[in-house]
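Residue numbers (the numbering used here): -8 to 250.
In what follows, a structure is listed as C-alpha cells, so that the remarks can point back to it.
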C-alpha cells in the first residue's frame, strides 16, 4: 500500500521555521539588534581588546614572577639574625674569658692571703723552744761532795749555811720583767695551740720559767695545764699571772697543776 503526502510535509517544515524566525526578529526590541560597525570603530575596538589582552598577560606574568621571587624581607631578616647571633656568640666568649680571669685573680688573692696568715702565725710562735736544748745541762745530776756539804753542815749545826739562802735566791731571776715576758710567751703558745685544734701539746720552756708544760684541750677554748718546774714548783705569782693572762685572752682554764 502506498502512502501519499509525506514528501510535502517534509518540505513544509523549513518554510515554517523560517517564517517563525522572521517573526521573532520583528518582535525583538530594536536595542538588541546590533548595527554593523563602521571601519574606524572596528579598528578601535580591536585595539582596545588587544590592549586589554596584553594587560592581562602582563599582569599574569608579573604575578608569576612575584610568586617565584623569594621575599627580600625574609632574606634580610635571616641575615640580620645571623649577624646578631654571631655577635652574641662573641660576647659570650668574651664574658667567659673575663670570668676565667676574675676566678684566677680571686684564687691568687686567696692563696696570698693564706700564705700571709701562715707566715703571721709562724712569726707569732714563741721563741722559747730553741732555748730548750741549752737548758739540758741544768738537769740534776749525781750528787757531788760539794752538794752534800750544805746538808752535812745543816745536820751538824742545825742551821743552814750562810750561802744557802743566797744560793737559792741566785737561781731565781731577780728581774720580774723577764718572768713576765716568759709567761706571755707561754700564753701565746697556748693560744696558738687552741687555734690549731690539736688535742694535746707538751713543751719545754727555758729561761726564767725553766719548766715542762703539758697542755690538754678540754673544751671550746678551754684547756688544762700541768707545769713541772725543773728547779721546783713555780712561784704562786707566776701561776696567778698565767691564769689572768689566759682569762684576758678569752681562754678558760679547767685545771692548773704545778709541781
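Even for Gly, the Cβ is constructed at its ideal location relative to N, Cα and C.
Judged by DSSP secondary structure, residue 191 falls within the beta strand (DSSP E) whose first and last residues are 191 to 196. The beta carbon of residue 189 sits closer than 8 Å to those of 208, all from its chain and outside the five residues before and after it, given in chain order. Taken atom to atom, the span from the alpha-carbon of residue 110 to that of residue 101 is near 14 Å.
Counting only the Cα atoms, residue 105 lies some 32 Å from residue 171.
Rounded to whole angstroms, the separation of the alpha carbons of residue 200 and residue 174 is 8 Å. Residues of the same chain with a CB within less than 7 Å of the CB of residue 219, apart from the 5 flanking positions on each side, are 202, 203 and 250 in chain order.
Scanning 217, 222, 232 and 228 for the CA closest to the CA of residue 245 turns up 217. A direct Cα-Cα distance of roughly 10 Å separates residue 107 from residue 113. With 16 or more other Cβ atoms from the protein chains shown falling within 10 Å of its own Cβ, residue 184 counts as buried.
Burial is judged here by how many other beta carbons sit within 10 angstroms of a residue's own beta carbon; residue 232 has at least 16 and is buried. Contact check for residue 196 against residue 214 fails: the beta carbons are separated by 8 Å or more. For residue 230, the enclosing alpha helix (DSSP H) begins and ends at 227 to 239.
In this chain, the alpha helix (DSSP H) harbouring residue 172 covers 167 to 186.
For residue 221, the closest of 88, 198 and 90 by C-alpha to C-alpha distance is 198.
If you ignore the 5 residues before and after residue 182, its C-beta comes within less than 8 Å of the C-beta of 240 and 242, all in its own chain and listed in chain order. The alpha-carbon of residue 90 is positioned some 22 Å away from that of residue 75. Across the structure, residue 167 and residue 99 are spaced so that their CA atoms are roughly 46 Å apart. Taking the C-beta atoms as reference points, residue 230 is found nearer than 8 Å to residue 247. Checking the DSSP bridge columns, you'll see residue 214 partnered with 208 and 244. Contact check for residue 178 against residue 86 fails: the beta carbons are separated by 8 Å or more. Spanning the alpha carbons of residue 186 and residue 235 requires a straight line of approximately 19 Å. Pairing residue 92 with residue 73, the inter-Cα distance amounts to about 29 Å.
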